[in-house]
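Visitor:
Residue numbers (my numbering), protein chains in the order written: chain Y, 44 to 381; chain C, 80 to 441; chain L, 14 to 103.
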């Protein structure tokens, strides 16, 4: 690290730059056996039971977007981080950082949206905090939510449990949230039916776990960095390889078109209501069927398989019939013209 | 998407690959000039389908990669001026100059906006009347007419807080400089599709004649690329060296005369430094005198200083197709997409970035 | 070096060769709509035409006849290969 180095937006992109920050700074000072797992939520054994604990901050701009807003995102995102360890979410905290001058009406709109998300998920906010920063020191509203859940002792969901032969399932179409936010940016303004997919997934996960006990090995919600980065992380952690079939990966036609126009790859775009499930092959079709019975998993599909190695490699069989390696995201995806 | 998905269809690709295999009767070295071709070839995994004996070399056709670090330094100097907001294509954001990138400049307080179109940069000027909006412009013939049209629009609307910093480059002089290199030994040139939309397939005739080189204009879908390579292989087999057009739906023989005129109305050729290739005569496009009030370089009195290439970096050789990224001692070690040293690692269509990101299967 | 995509024209505003008003069209692909500039097009488009769009500008009115001919030849080639393969089996 050079003394002149500063934080760049890329460090928050969920890609390689974020991983380097975690490894070089956070883990080198704060490492412990629980933190170092780097899963979506930490599992803490209390003696009385297994607690899942997670936290996440939301700084999305614009704060209102087609399909949702920052409030709904903050509830669903943290619930999903709990769900990805097989936890039953119990309660959430809500921390707000508001910028001086932020319209009270917009705040109310965000809170009403949080109310709706909590009711639908049946998970309450039980504690909270508010801070206000001077105008220009924040951007309208930042939200932090933490969540606590309970994990049944018989449930073992972890990135390291992925094993060769597993089927890779994606719970629905890829890239909807990421492209929706990008299309809202000033100077891009694509019109059309693009909507964030923000959605809580705990009921979907509970149904999967109950429907095929022991069959689900790994769950991950491919948020920032997209499906590509999540699968690279899993392959790295479990020391396995993943092979994907491009033609099997669901992408809505309007998302695909927006990606072509802006030069984006949907594999790297954020999702806020989707999960990747690596499951025992023999249960894959049963699980897909179960997932499709819920609105959250209506477009679930097997998109690939786990293979022995080389460890950490994600390979894509392209629509054109070729193969290529899929790497982690590097920095924040930007529209390109070249 | 119509006119896209059909040209990706496996049912055509399988027989095309078969046809290519049958056509090739000796090892062939083909250069894809265009960075978007490099990207398409990787994205669709086409290298894994290529028959043995067919070598694809990536040329200098990524406008971001060939932008000299002197230009990047000049861009950053403008971005750091008081009261200036710069607008860029996303591709330019992470490109390193000698003192860091625009991403770094933004983190230190410069106002950098990513836009989709140069016209969006002009819109920004209207939105922030107290500030000067400067479009930091890189691009080849495909993009230059757009910037010309934007400058003409700024003039029509009498906008006085908008300027363009032109690092534009044109393709034919660079190709001529490249092909003059006796070590290159090319059997064919896969010519850039959308540059040719503007300049026309005819623009490659002097190259075909002077260097006895097969030139085929290609589109960007897998079917387009394969059809063009087959045409190059046929020329090689039959001993022909001609210009052919495999992208008729987007490219005509004469090109887009209206766009050419607009480009030449606003811009004029100047000598220009290319990263890795050095200074090439009349290969840049500068804003003509009547439009000089839109010329950021003049308005801010920027002096470009030539800067040496980073130590150990092989980008210059890689851009010429002489070396491959794997030959570079910095590749994937000191030079990665997170911390790029050379230009080929920076742009997503850069040869090194494409190699790093998409890798080679197997 | 230059990303450009074909999109269908659904509206044309402005008039050919009249540069005093913005020459703008609305194009569409899979329900995604975008306003683009027509200043550079080589053939003034009609509704239903496809334009090649680069960075917010139409740079070419797509030659649909050429595309269809190309696709027809591709189909014939693919069918020929299939017929050939079938023949070998018999």
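Just so it is clear, CB atoms sit at the ideal spot from N, CA and C, and this is done for glycine as well.
From a predicted model like this one, the values you see are computed outputs, not experimental measurements.
Determine whether the Cβ of residue 69/L lies closer than 8 angstroms to any Cβ atom of chain C.
Guide: yes
Visitor: Between residue 237/C and the ligand ATP, is the CB less than 7 angstroms from at least one heavy atom?
Guide: Among the ligands in the structure shown, none appear at all, so the ligand ATP cannot be discussed.
Visitor: Determine the direct distance from the alpha carbon of residue 154/Y to that of residue 188/Y, and round the result to whole angstroms.
Guide: 13 angstroms
Visitor: Tell me the DSSP secondary structure of residue 93/Y in three-state form.
Guide: strand
Visitor: Considering just the uninterrupted stretch of the beta strand (DSSP E) at residue 190/C, what are its terminal residues?
Guide: 190-193
Visitor: Just checking, does the stretch 261-277 of chain Y make contact with the stretch 294-313 of chain Y on the three C-beta pairs under 8 angstroms criterion?
Guide: yes
Visitor: In terms of alpha-carbon separation, which member of 326/C, 282/C, 287/C lies closest to residue 303/C?
Guide: 326/C
Visitor: Do residue 330/Y and residue 251/Y have their CB atoms nearer than 8 angstroms?
Guide: yes
Visitor: On the premise that residue 244/C lies in contact with residue 194/C, defined as a C-beta separation below 8 angstroms, what is that separation, rounded to the nearest angstrom?
Guide: That belief does not hold up - the Cβ atoms of residue 194/C and residue 244/C are roughly 14 angstroms apart, past 8 angstroms.
Visitor: Per the contact definition of three or more C-beta pairs closer than 8 angstroms, is the stretch 134-147 of chain Y in contact with the stretch 180-194 of chain Y?
Guide: Contact between the stretch 180-194 of chain Y and the stretch 134-147 of chain Y is present: three or more C-beta pairs spanning the two stretches fall below 8 angstroms.
Visitor: Of the choices 246/C, 89/C, 208/C, whose alpha-carbon is the least far from that of residue 147/C?
Guide: 246/C
Visitor: Could you compute how far the alpha carbon of residue 410/C sits from the alpha carbon of residue 208/Y?
Guide: 33 angstroms
Visitor: Can you pull out the residues from the stretch 297-311 of chain Y whose beta carbon lies closer than 8 angstroms to at least one beta carbon of chain B?
Guide: Checking the listed chains, one finds no chain B in this structure; the protein chains it contains are Y, C and L.
Visitor: Strictly below 9 angstroms CB to CB, what residues from chain C border residue 53/Y?
Guide: 173, 182, 417
Visitor: Residues bridged to residue 21/Y by DSSP?
Guide: With chain Y represented from 44 up to 381, any question about residue 21/Y goes unanswered, as that position is not in the structure.
Visitor: Three or more beta-carbon pairs under 8 angstroms between the stretch 328-344 of chain C and the stretch 304-311 of chain C, yes or no?
Guide: Between the stretch 328-344 of chain C and the stretch 304-311 of chain C, the count of C-beta pairs closer than 8 angstroms stays below three; the two stretches do not touch.
Visitor: Tell me, which residues are paired with residue 365/C by DSSP?
Guide: 347/C
Visitor: If you measure between the beta carbons of residue 356/C and residue 395/C, is that distance less than 8 angstroms?
Guide: Residue 395/C sits close to residue 356/C, with the two beta carbons spaced by under 8 angstroms.
Visitor: For a minimum of 3 consecutive residues, which ranges assigned as the beta strand (DSSP E) are wholly contained in the stretch 124-191 of chain C?
Guide: 133-140, 163-167, all fully within the stretch 124-191 of chain C.
Visitor: Taking contact to mean at least 3 C-beta pairs separated by less than 8 angstroms, is the stretch 251-263 of chain C in contact with the stretch 274-286 of chain C?
Guide: yes
Visitor: State the start and end residues of the unbroken beta strand (DSSP E) segment that holds residue 250/Y.
Guide: That residue, residue 250/Y, is in no beta strand (DSSP E); its alpha helix (DSSP H) goes 245-254.
Visitor: Should residue 307/Y be labelled buried (16 or more other beta-carbon atoms within 10 Å of its own) or exposed?
Guide: buried
Visitor: Using a Cβ-Cβ cut-off of 8 angstroms, state whether residue 91/C counts as contacting chain L.
Guide: yes
Visitor: Could you pull out every residue in the same chain whose Cβ sits closer than 8 angstroms to the Cβ of residue 132/C, ignoring the five residues on either side in sequence?
Guide: 103, 105, 106, 107
Visitor: Can you list, in chain order, the stretches of the beta strand (DSSP E) that have 3 or more residues and sit fully within the stretch 278-310 of chain C?
Guide: For the beta strand (DSSP E) assignment, the uninterrupted runs of no fewer than 3 residues enclosed by the stretch 278-310 of chain C are, from N- to C-terminal side, 293-296.
Visitor: Taking just the CA atoms, how far does residue 124/C sit from residue 153/C?
Guide: 37 angstroms
Visitor: By how many angstroms is the C-alpha of residue 197/C removed from the C-alpha of residue 68/L?
Guide: 7 angstroms
Visitor: Using a Cβ cut-off of 8 angstroms (strictly closer), state whether residue 110/C contacts chain Y.
Guide: no
Visitor: Leaving out the 5 sequence neighbours to the left and right, which residues in its chain are closer than 6 angstroms to residue 23/L when beta-carbon positions are compared?
Guide: If we look at residue 23/L and ignore the five residues flanking it on each side, its Cβ neighbours are 39, 41.
Visitor: From which residue to which residue does the alpha helix (DSSP H) around residue 174/Y run?
Guide: Looking at the DSSP string, residue 174/Y is not in any alpha helix (DSSP H); the run it does join, the beta strand (DSSP E), is 168-176.
Visitor: Using beta-carbon positions only, say whether residue 233/C and residue 373/C come within less than 8 angstroms of one another.
Guide: yes
Visitor: Would you call residue 400/C buried or exposed, if buried means 16 or more other Cβ atoms sit within 10 Å of its Cβ?
Guide: buried
Visitor: Can you pull the chain Y residues whose beta carbon is under 7 angstroms from the beta carbon of residue 44/L, in chain order?
Guide: Within chain Y, the residues whose beta carbon sits less than 7 angstroms from that of residue 44/L are 235, 236, 297, listed in sequence order.
Visitor: Quick one: what does DSSP say residue 75/Y is sitting in, helix, strand or coil?
Guide: coil
Visitor: Look at the alpha carbon of residue 261/Y and the alpha carbon of residue 205/Y, and state the distance between them as a whole number of angstroms.
Guide: 6 angstroms
Visitor: Could you give the distance in angstroms between the alpha-carbon of residue 414/C and the alpha-carbon of residue 287/Y?
Guide: Linking residue 414/C to residue 287/Y through their CA atoms gives a straight-line distance of about 28 angstroms.
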